[in-house]
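Visitor: Sharing a structure with you now.
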Amino acid sequence: MDDAEAGSKAPGRETYHHGDLRRDLIASVRQLVETHGPDGFSVAEASRAAGVSTAAPYKHFKDKTAILHAVVEDAMQRMADAMADAVAPHPVGSIERIDALGRSYIDFARAQPGVFRLMFGLTRGHENDEVIMERGRSAFRIVVDCVADYLGIDRDANLAWQRAYMLWCFVHGHSFLVIDDKTTKQELDIDEITLLSAVSQGILGTVSKAADS
Numbered sequence: 005m006d007d008a009e010a011g012s013k014a015p016g017r018e019t020y021h022h023g024d025l026r027r028d029l030i031a032s033v034r035q036l037v038e039t040h041g042p043d044g045f046s047v048a049e050a051s052r053a054a055g056v057s058t059a060a061p062y063k064h065f066k067d068k069t070a071i072l073h074a075v076v077e078d079a080m081q082r083m084a085d086a087m088a089d090a091v092a093p094h095p096v097g098s099i100e101r102i103d104a105l106g107r108s109y110i111d112f113a114r115a116q117p118g119v120f121r122l123m124f125g126l127t128r129g130h131e132n133d134e135v136i137m138e139r140g141r142s143a144f145r146i147v148v149d150c151v152a153d154y155l156g157i158d159r160d161a162n163l164a165w166q167r168a169y170m171l172w173c174f175v176h177g178h179s180f181l182v183i184d185d186k187t188t189k190q191e192l193d194i195d196e197i198t199l200l201s202a203v204s205q206g207i208l209g210t211v212s213k214a215a216d217s
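Just so we're aligned, residue 5 is where the sequence shown starts under the working numbering, counting upward by one.
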């Protein structure tokens, strides 16, 4: 490390474990995304927020876009973990599992609206990032499996994927309405738990549990 880099470090961060630095940078950028948006800060600002030199991020990321992709990768994993945790207390095959998935998805968006927007389109090239795509597929797979278990069909059945996609379309759209404050602006008197249950029943309740198309 040269004198210039050492001088730009924040006090107390003279040594850094490799994994800690990357993790702290991601956490710092996540907060900056929430407060300023993905275009509202520089790598230098992210470095200062993490308490490291301005050169430190480039040991892990080639540029700001790479950091934002890492934030999305992290967010996709955290969302999948939250969804898995949400269904765990409920019996396999129950509608409560599906409702819990919807609540966890909306709660994630509500708690981290900036990151949620980043996950779904504010950074180009997501479709070329295999880590992001795989983690997204893993999260969606939880929905498919819960739907299949509820319907009593094979987890690879086309019907399970179709109905899971229908549920995701609703919950994803509702999540954006929530974080864009559209539900309150419309003065809608909606109980979210009741709404989710009604949608789940509407999409899945008319399907024969032995069906497989």
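Even glycine gets a Cβ: it sits at the ideal position worked out from N, Cα and C.
For clarity, every value in this text was computed on a predicted model and none was experimentally measured.
1. Exposed or buried, which one is G44 when buried takes at least 16 other CB atoms within 10 Å?
2. Measure from the alpha carbon of M80 to the alpha carbon of each residue in I71, Q166, V119, D103, then state which is nearest.
3. When DSSP labels each residue in this structure, what does G11 get in the three-state scheme?
4. Of the choices K68, G106, F144, D184, whose alpha-carbon is the least far from that of K160?
5. Below 8 Å on the Cβ atoms is my guess for Q116 versus E38; work out the distance and round it to an integer in Å.
6. Can the beta-carbon of V47 be found closer than 8 Å to that of P61?
7. Which value, in whole angstroms, describes the spacing of the CA atoms of D103 and R121?
8. Under three-state DSSP, which class holds T187?
9. Using the Cβ count rule (16 or more neighbours within 10 Å means buried), how would you classify D78?
10. Do you know offhand how far V175's Cα is from S201's?
11. Fully enclosed by the stretch 109-176, which alpha helix (DSSP H) runs are 4 residues long or longer?
12. Leaving out five residues before and five after R167 in sequence, what residues of the same chain have Cβ atoms less than 7 Å from its Cβ?
13. Can you tell me whether D6 is buried or exposed? The criterion is at least 16 other CB atoms within 10 Å of its CB, across all chains shown.
Guide: Reading from the atomic positions:
1. exposed
2. V119
3. Low per-residue confidence applies at G11: pLDDT is 42, beneath 50, and the placement is therefore not dependable, though the value from the model is reported in the following sentence. Of the three classes helix, strand and coil, the one that applies to G11 here is helix, per DSSP.
4. Position check: residue 160 holds Asp in this sequence, whereas Lys was assumed. Per the Cα distances, F144.
5. 7 Å
6. yes
7. 22 Å
8. helix
9. buried
10. 11 Å
11. 117-121, 134-155
12. V151, I207, L208, V211
13. Note that D6 has pLDDT 44, beneath the 50 cutoff, so the model's placement of it is unreliable and no number is given.
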